[in-house]
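Residue numbers (this note's numbering): -8 to 349. Note that the Cβ used here is the ideal one computed from N, Cα and C, for glycine as well.
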Amino acid sequence: MSDPFDLAGLAEDNPAGPPAKAPEPHYLAALNAEQRAAVEAVEGPVLVLAGAGTGKTRVLTTRLAHILHQGKAFPGEILAVTFTNKAAREMIERVSRLIGRPAEGLWLGTFHAMAARILRRHAELVGLKPDFTILDTDDQVRLLKQLVRAADIDEKRWPARTLSIIVQRWKDRGLTPDKVASADGAEFANGKAPELYRHYQERLKTVNAADFGDLLMHNLTIFTAEPEVLAEYERRFKYVLVDEYQDTNVAQYLWLRLLARARHNICCVGDDDQSIYGWRGAEVGNILRFEEDFPGAEVVRLERNYRSTGHILGAASGLIAHNTGRLGKTLWTEDVDGEKVSVTGCWDGDEEARIVGE
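In structure tokens:
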């Protein structure tokens, strides 16, 4: 009988030694150290602060491919959201190339597309039918114009398009008519905006329609009123990935927090120095408070720039460093310094456009 503790004999039985280490995925070789750290930090909350030209799209798509390649989740268990259909199509194409097959089954698209997909499954919970119509901006204004006229309000003085902006602002903040304070929208028709908003929402249900702002707002209503529905999506989405996080508004922020609160496997990619959409409801504070929302979050800074020369980055960094309300990073490049930055004064926007065009 052989000695079970005879290590020498064991070595003879396995002359090749321990099994060979699995080859490294090919897609990791193209990443720099910081990009790779962002891709491989799969578990737990991750904030990727990606400066301009640092490869944020590459990181986001490679991370998604890495999750699939490592068998961490099936495609239908990943939610990836971005702001434009073009960006969504580009992400799908890149992921398909990285994994070597069509990236089918992913929940990948714009915030509105993903919210609409969820809403169609649960439309009855907010008084709609699954085949509801999504109104565009012009349809929204036409419907509001009817309500303004019915309320005997001078449409020339108080245009329906102005009211549509006010209503969209409320929806960007996730405010249903019952949550709008009476003082809100006081600038329109002597404070009648909240009442018109309520009539507008009632009319939308009557004609089985929703506007773009409703898609996320109705999701929030369903998730907060129906915990079992939210639990279904918390179980489904093992990983949540978000592009351009600095441009999210309050409704998008609340939607993401609800979906990620159970697992905390959320990765947000953004740049606090590139938030320019405050006029449409974007809240740069969303990215600034990420570590408070998700304690223990890993923060990865992508600072190596592949797009600009040294002098351009130096000028940009020197200027942006004076901003308040930023998490801080300094872009650098291995490229040449290039031409020095020149400053040109212009009388107005027209002259600026001519100079740039020339």
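Based on Cα-Cα distance, which residue from the options lies nearest to residue i?
{"i": "L59", "options": "A94, K77, A29, R49", "result": "A94"}
{"i": "Y230", "options": "R92, A21, H17, L99", "result": "L99"}
{"i": "L40", "options": "A253, N256, D143, N296", "result": "N296"}
{"i": "L97", "options": "L70, H190, N76, V117", "result": "L70"}
{"i": "A288", "options": "K136, E146, I257", "result": "I257"}
{"i": "H255", "options": "V33, Q159, E25", "result": "V33"}
{"i": "H17", "options": "K136, T124, A24, T53", "result": "T53"}
{"i": "A79", "options": "F102, L89, R92, G67", "result": "F102"}
{"i": "H350", "options": "I90, T45, D339, G272", "result": "In the structure displayed, the chain extends from -8 to 349; residue 350 sits before or after that span and is not available."}
{"i": "F123", "options": "V290, A104, A200, N314", "result": "A200"}
{"i": "K162", "options": "R148, E178, P185, G348", "result": "P185"}
{"i": "V291", "options": "A29, A21, L19", "result": "A29"}
{"i": "W149", "options": "T212, G176, R92", "result": "G176"}
{"i": "Q243", "options": "A20, F285, A106", "result": "A106"}
{"i": "A424", "options": "L211, L310, A172, R280", "result": "This structure cannot speak to residue 424, because the chain is shown only from -8 to 349."}
{"i": "L250", "options": "V275, P218, L279, E274", "result": "P218"}
Considering only the beta carbon of each residue, do residue i and residue j sit closer than 7 Å?
{"i": "V241", "j": "G316", "result": "no"}
{"i": "H209", "j": "L110", "result": "yes"}
{"i": "D263", "j": "Q237", "result": "yes"}
{"i": "L207", "j": "W246", "result": "yes"}
{"i": "K170", "j": "G118", "result": "no"}
{"i": "L293", "j": "E25", "result": "yes"}
{"i": "L154", "j": "L134", "result": "no"}
{"i": "S308", "j": "T324", "result": "no"}
{"i": "I144", "j": "A180", "result": "yes"}
{"i": "D116", "j": "H190", "result": "What sits at residue 116 in the sequence shown is Leu, not Asp. It is not a contact, given that the beta carbons lie outside the stated cut-off."}
{"i": "G44", "j": "R298", "result": "yes"}
Pull the bridge partners of residue i from the DSSP assignment, please.
{"i": "V290", "result": "L38"}
{"i": "Y18", "result": "Y18 pairs with nothing; no bridge assigned."}
{"i": "Y244", "result": "DSSP lists no partner for Y244."}
{"i": "T73", "result": "T101"}
{"i": "A200", "result": "T124"}
{"i": "W338", "result": "Note: W338 sits in no beta bridge, so no partner."}
{"i": "L250", "result": "DSSP output for L250 lists no bridge partner at all."}
What does a CB cutoff of less than 7 Å around residue i pick up in its chain, not counting 5 residues either side in sequence?
{"i": "V332", "result": "H302, I303, A306"}
{"i": "L55", "result": "I69, A71, V86, L232"}
{"i": "R140", "result": "E146"}
{"i": "A253", "result": "E225"}
{"i": "R152", "result": "V132"}
{"i": "Q361", "result": "Examination of residue 361 is not possible in this model, given that the chain is present from -8 through 349 alone."}
Short of 6 Å in beta carbon distance, which residues of its chain neighbour residue i, apart from the five on each side in sequence? Order them along the chain.
{"i": "V260", "result": "V39, A41, K47, L51, D234"}
{"i": "M(-8)", "result": "Below a pLDDT of 50, predicted positions are generally treated as unreliable, and M(-8), at 46, falls in that range; no measurement from the model is reported."}
{"i": "G67", "result": "G96"}
{"i": "V158", "result": "Y188"}
Less than 8 Å between C-beta atoms, sequence neighbours within five positions excluded: which residues of the same chain meet that for residue i?
{"i": "C337", "result": "E343, I346"}
{"i": "D(-3)", "result": "Caution is warranted here: a pLDDT of 44 is assigned to D(-3), below 50, making its placement in the model unreliable, and the coordinate value is therefore given only provisionally. Nothing meets the Cβ criterion."}
{"i": "A174", "result": "G182"}
{"i": "F74", "result": "T101, F102, D234, E235, D238"}
{"i": "E3", "result": "Only weak support exists for where E3 lies, its pLDDT of 44 falling under 50; the coordinates are left without a value."}
| query | Is the segment 211 to 230 touching the segment 63 to 81, taking contact as three or more C-beta pairs under 8 Å? | reply | By the Cβ test, the segment 211 to 230 is in contact with the segment 63 to 81, since at least three Cβ pairs between them sit closer than 8 Å.
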